[in-house]
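Novice: For the sequence shown, the working numbering assigns the number 193 to the initial residue and increments by one for each residue that follows.
Every residue, glycine too, gets a C-beta built ideally from N, C-alpha and C.
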Amino acid sequence: MNVSSLVQLADKRRLRRDEVTAREWHDWRWQLRNMLKSTQDFEQVIALSDEEREGLARTQDLFRTGATPYYASLMHPDRSDCPIRRQTLPSLQELSFRDQELRDPLGEDIHAPVPGIFHKYPDRCLLYVVDRCAIYCRHCNRRRIVGGDSPPTRDDLDQAIAYIQSETRIRDVLISGGDPLLLSTSRLDNILARLRAIEHVEIIRIGTRVPVVLPMRVDEELCQTLAKHHPVFVNTHFNHPVELTDESRRACQLLVNHGIPVGNQAVLLRGINSSVQCLRALMRGLIKTRVRPYYLFQGDTVLGTDHLRTSVESAIALADGLRGWMSSMAMPQLVIDAPGGGGKIPIGPQYLLELGESEVRLRNYRGQEVSYPQPLAKDPAVSFDEVFFAGVAPDDDREGCS
Ligand SMILES: *Cc1c(COP(=O)(O)O)cnc(C)c1O
Numbered sequence: 193m194n195v196s197s198l199v200q201l202a203d204k205r206r207l208r209r210d211e212v213t214a215r216e217w218h219d220w221r222w223q224l225r226n227m228l229k230s231t232q233d234f235e236q237v238i239a240l241s242d243e244e245r246e247g248l249a250r251t252q253d254l255f256r257t258g259a260t261p262y263y264a265s266l267m268h269p270d271r272s273d274c275p276i277r278r279q280t281l282p283s284l285q286e287l288s289f290r291d292q293e294l295r296d297p298l299g300e301d302i303h304a305p306v307p308g309i310f311h312k313y314p315d316r317c318l319l320y321v322v323d324r325c326a327i328y329c330r331h332c333n334r335r336r337i338v339g340g341d342s343p344p345t346r347d348d349l350d351q352a353i354a355y356i357q358s359e360t361r362i363r364d365v366l367i368s369g370g371d372p373l374l375l376s377t378s379r380l381d382n383i384l385a386r387l388r389a390i391e392h393v394e395i396i397r398i399g400t401r402v403p404v405v406l407p408m409r410v411d412e413e414l415c416q417t418l419a420k421h422h423p424v425f426v427n428t429h430f431n432h433p434v435e436l437t438d439e440s441r442r443a444c445q446l447l448v449n450h451g452i453p454v455g456n457q458a459v460l461l462r463g464i465n466s467s468v469q470c471l472r473a474l475m476r477g478l479i480k481t482r483v484r485p486y487y488l489f490q491g492d493t494v495l496g497t498d499h500l501r502t503s504v505e506s507a508i509a510l511a512d513g514l515r516g517w518m519s520s521m522a523m524p525q526l527v528i529d530a531p532g533g534g535g536k537i538p539i540g541p542q543y544l545l546e547l548g549e550s551e552v553r554l555r556n557y558r559g560q561e562v563s564y565p566q567p568l569a570k571d572p573a574v575s576f577d578e579v580f581f582a583g584v585a586p587d588d589d590r591e592g593c594s
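#1: Nearest-angstrom Cα distance between Ile434 and Glu246?
#2: How about Val483 and Asn456: do their beta carbons lie closer than 8 Å?
#3: Would you report the Cα separation of Asn427 and Leu568, rounded to the nearest angstrom?
#4: Specify the secondary structure class of Pro538 as computed by DSSP and reduced to three states.
#5: Classify Pro538 as buried or exposed, calling it buried when 16 or more other Cβ atoms lie within 10 Å of its own Cβ.
#6: Would a C-beta distance cut-off of 8 Å place Arg386 and Leu500 closer than the cut-off?
#7: Let me check understanding here. Comparing Cα to Cα, which of Pro565, Ala473, Leu298 and Glu561 lies closest to Gly548?
#8: So, under 8 Å CB-CB, Val170 and Leu319 are touching, yes? Tell me the CB distance rounded to an integer number of Å.
#9: Report the start-end ranges of each beta strand (DSSP E) in the segment 329 to 389 that is 3 residues or longer and not cut off at the edges.
#10: Let me know the secondary structure DSSP gives Cys325 once reduced to three states.
#11: Check whether the Cβ of Tyr564 sits closer than 7 Å to any heavy atom of ligand 1, and report yes or no.
#12: Given the structure, does Leu366 come close to ligand 2, in the sense that its CB is under 7 Å from one of the ligand's heavy atoms?
#13: Which residue marks the beginning of the alpha helix (DSSP H) containing Leu248, and which one marks its end?
#14: Considering only residues of the same chain and omitting the five flanking positions on each side of Glu551, which have a CB-CB separation below 8 Å?
#15: Would the beta-carbon of Thr493 fall within 8 Å of that of Glu293?
#16: Does the beta carbon of Leu298 fall short of 7 Å from some heavy atom of ligand 1?
#17: Output yes or no for whether 8 Å exceeds the beta carbon distance between Arg181 and Glu391.
#18: Any idea which residues DSSP pairs Cys317 with across the strands?
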C-alpha cells in the first residue's frame, strides 16, 4: 500500500464530520463517549469486507473492539488492508490459537508483588492505573486485563504506591494501563504528586497511545499538570506514518514544548508496517515531530496474534534497512520482550564479524568490511571513581525482583 497516498487520504477526514459540530469533535470526552465498537458503527464509516464482518461477529468474547471517531476517520473507506483498519478490526485469525501463545506473554502476573505493580527490573517498575484505552489494538499484549470489567481499584493504587515507597531501589516508575491519559487531569495530578513525594523516585514515565488515537486530549492544562512533576517522560505508540496527522503531531509537539521528552514504542506488525519503506517513513516522520523512536518491538506471543507477527529474520532484515540509511536520531532499538518476563532483549543485524585479541573485524551498513585495532593495554582503565564515589554505597543491581 502506498504510504503517501494514504497520508493524503487521512487528511481528508471522512466520518460524516458534518453531523458533528467542531466543538464536539475536539472534545476528548465526546470522542470517548462515541467510540466505534459494533459492526453497525463501523459500516457507517467504511465498506466492511466480508472477512471484517465475520471477524467482528465471531471475536466478541475474545477481546474488546473499539476506536475513537478520530482514529476511525483515518481509515481507508474501501481497502481492508489499510493499516488503521488492521490495527482496529478483529480478524478471524484471532480465533486460532497456537500452544505457544499466551494470555500473559510477558509473565507480568508472576512479577506482581501487589495488584497494580509489575516489577521485573531492579530499579524500575510498571504501575497499572486503568484498564481502558481509546483504541483496543488487535496486537495488545495486555488483553487479558485491558478492556475487561475489573479496573484497578483505589485500594490497589494505594497498595501499589505503598510498595514503591517501601522499595527504595525503584528510581523509575512507568505509569501504564490501559491508557493513563484517559484518567481525569486531577486524578493524574494526584497520582503524580504521590509518586513525586517519594524521595527515591527519580523519573516518571507515562505510556500512552492517546497522542495517536485521541490527540485532542493533549491540551495546555494536561501538559502543565504533567510538567509540574518533572522529570516526566511520555512514551507513545505510533505504528504507521498514516497516523502522523496534523492533530497527532500537534499533541506530541505540545508535550515536548512543555519539556516532556516524547519517545515512541512501535510494534512490528506483519503486513501493516513490515517494510523498510514504511518503517523509514515512520521513523523520519517521528523525529521530524521531535518524537524520538525508542523501541521497535518484535511481536509478543499474545493469544490470537500469531498472524500479526513477522519472523525474527524479517525483523532483523528490516532493522538492517534502517541503521545507517537514515539519521541515527531516528533509529529505534529492535527488541524481543522475553516470554515469561525476562525483560527486553536487543536483537539486530550482526555488525561484529570477528572479535580478535589484537584486531576486530566489522561490517558497516553497506556491507563493507573494516578492521579495528584493539589497544595494547588489556587492563582496566585507571578511573577517578575511587575518589568520586568514596563513601557511596555500591549499586546493588544484581538483586532480582519477586
Ligand atoms: C518495559 C518495561 C519497563 C521499562 O523498560 P525500559 O527498557 O527501561 O524501557 C519496566 N518495567 C516493565 C515491567 C516493563 O515491561
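Specialist: The structure says:
#1: Indexing the sequence shown from 1 puts residue 434 at position 242. Indexing the sequence shown from 1 puts residue 246 at position 54. In the sequence as displayed, the identity of residue 434 is Val instead of Ile. Going from the Cα of Val434 to the Cα of Glu246 covers about 26 Å.
#2: By one-based count along the sequence shown, residue 483 stands at place 291. By one-based count along the sequence shown, residue 456 stands at place 264. Going by C-beta atoms, Val483 is nearer than 8 Å to Asn456.
#3: To locate residue 427, count along the sequence shown from 1; it is residue 235. To locate residue 568, count along the sequence shown from 1; it is residue 376. Between Asn427 and Leu568, the C-alpha separation is close to 43 Å.
#4: Within the sequence shown, numbered from 1, the residue matching residue 538 stands at position 346. Strand, per DSSP.
#5: Along the sequence shown, read from residue 1 onward, the residue named residue 538 stands at position 346. Answer is exposed; the Cβ neighbour count stays below 16.
#6: Here residue 386 refers to the residue found at position 194 of the sequence shown. Here residue 500 refers to the residue found at position 308 of the sequence shown. Judged by their CB atoms, Arg386 and Leu500 are not nearer to each other than the 8 Å cut-off.
#7: In the sequence shown, the residue the question calls residue 548 occupies position 356. That would be Pro565, whose Cα lies nearest to the Cα of Gly548.
#8: This structure gives no information on residue 170, because the portion of the chain shown stretches from 193 to 594.
#9: Every unbroken stretch of the beta strand (DSSP E) spanning 3 or more residues and falling wholly within the segment 329 to 389 is given here in chain order: 364 to 369.
#10: By one-based count along the sequence shown, residue 325 stands at place 133. In the three-state scheme derived from DSSP, where H, G and I count as helix and E and B as strand, Cys325 is classed as coil.
#11: Indexing the sequence shown from 1 puts residue 564 at position 372. Exclusion of Tyr564 from the 7 Å shell around ligand 1 follows from its C-beta lying no nearer than that to any non-hydrogen atom of the ligand.
#12: This structure lacks ligand 2; its bound ligands are ligand 1.
#13: By 1-based counting over the sequence shown, the position of residue 248 is 56. That run of the alpha helix (DSSP H) goes Asp242 to Arg250.
#14: Taking the first residue of the sequence shown as 1, we reach residue 551 at position 359. Result list for Glu551: Ser563, Tyr564, Pro565 and Gln566, in chain order.
#15: Numbered from 1 along the sequence shown, position 301 holds the residue referred to as residue 493. Numbered from 1 along the sequence shown, position 101 holds the residue referred to as residue 293. Their beta carbons are under 8 Å apart, which means Thr493 touches Glu293 by this criterion.
#16: Stepping through the sequence shown from its first residue, residue 298 is reached at position 106. Yes, since a heavy atom of ligand 1 falls inside the 7 Å radius drawn around the Cβ of Leu298.
#17: Not covered by the structure: residue 181. The range shown for the chain is 193 to 594.
#18: The residue labelled residue 317 in the question sits at position 125 within the sequence shown. Checking the DSSP bridge columns, you'll see Cys317 partnered with Val365.
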